[in-house]
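Comments concern the structure below.
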Amino acid sequence: MDDRPHPSSPRRRALARAAGRVLTSPALVAAVSVAAGLGATLALAGAAARALTAATARQLADAAAPGRDAAAAAQDLPGTVLAYGAPIAIVAAAAALLVQGALARGLWLPWRDVPGAPSVGADPATAGQRASEAALAVARTAALLVVAVAAAAAALSPLARLGAHDGAALAAIVGRALATVAIAAVALAVLEVAVRWRRLEGHLAMTERERRAENKEQSGDPGVRQARRAARADDRQVLADARVVVVGEDDAVAIGWRPGAPPRRVAHGRGLDARRIVAAARGRAVPIVADGALAMRLAAGPAIPDAELAPLAAVLAAVGVSAPT
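The numbers in our numbering rise by one with no breaks, and the one at position 310 of the sequence shown is 310.
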């Protein structure tokens, strides 16, 4: 879109997903579901036909027996139909869910207004888009009819040569024709996916104003940036006398030392404060040593225990600072 020259950002895509503006394709979901159901039907056709034939013959024989009720004899037939129909329905439903999940990257799609998200997604939003999607559906249906007629015509000659009892051959011919139509339906539905993907990408793209607003929000308010710079300057000033920073899993302790004086703790932070101390140490080129146990002991109190002077001297010596005496 000319009025949206900038590509979408990861943040805008996340907002669009939270609002339910994701890729969808009813045509592809339906086509794959029908194709999967047809495949399951063809796979079970032989066994289902034999089971239904045997059940029907058995029930007819039972119904003809003296004292038997015809309605009671036919009670087993629905169970036989369900035993073969249920797997077909399950396969078709599972295929539909898989395609929907692959397109939308999720099965549950919220539809709500999220600030910063596009107001529309892959679905047509204007009269022109609805007209073009309707025209595409008509063209897809016409092409599918052509494929169906061609498949039926190709099956006529083999059907004419079949004998009266060639049930397996009949099923194979009909199955090939139906499979051709199903594959064509899936292939034609991919066209809808391409159109909807392009439409979604156009809605996800950003205007110049949206891009500037997002950049401002991500970089923060100028006042906030100024406060952050001041905080970083303060952190660096605190570490002005630091000779080494000992870091652990969640602690950072800055140690200062001058010849003739015992080492002292000049700063300690935990969590976010620890990360700030580490960042300030890098800014001032203060050596950083990872020693979780020592950092935890140094963080226990404001004064450095006498028992920690020896390991601390080893740390200072390791970073090139003369060991305190």
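Each residue gets a CB set at the ideal place from its N, CA and C atoms; glycine is no exception.
Inter-residue CB distance, residue i and residue j (contact presumed, cutoff 8 Å)
i, j, result
"Arg274", "Val247", "Before going on, a small fix: residue 274 reads as Ala here, not Arg. Confirmed, about 7 Å."
"Ala267", "Ile277", "6 Å"
"Leu28", "Val195", "Not a contact, Cβ separation roughly 11 Å."
"Pro302", "Arg265", "6 Å"
Those residues which DSSP pairs with residue i across a bridge
i, result
"Ile255", "Val244, Arg265"
"His203", "DSSP lists no partner for His203."
"Val289", "Val246"
Which of helix, strand or coil DSSP assigns to residue i
i, result
"Arg270", "strand"
"Ile304", "coil"
"Leu144", "helix"
"Val321", "coil"
"Ala102", "helix"
Rounded separation between residue i and residue j - CA only
i, j, result
"Pro158", "Ile173", "7 Å"
"Glu210", "Leu204", "11 Å"
"Leu156", "Val22", "44 Å"
"Val147", "Ala35", "15 Å"
"Arg112", "Arg17", "10 Å"
"Val340", "Ala54", "Residue 340 is absent from the model: the chain starts at 1 and stops at 325."
"Val91", "Asp251", "55 Å"
"Ala227", "Lys216", "Note that Ala227 scores 46 on pLDDT, short of 50, meaning its location in the model is unreliable; the coordinates nonetheless yield the value given after this. Rounded to whole angstroms, Ala227 to Lys216 spans 16 Å at the Cα level."
"His6", "Trp197", "17 Å"
"Val120", "Arg105", "18 Å"
"Ala310", "Gly271", "27 Å"
"Gln129", "Thr180", "30 Å"
"Ala89", "Leu82", "10 Å"
"Ala96", "Ala31", "9 Å"
"Leu103", "Val319", "55 Å"
"Leu312", "Leu298", "9 Å"
Within-8 Å CB hit, residue i to chain B
i, result
"Leu38", "The structure shown has no chain B; it contains just one protein chain."
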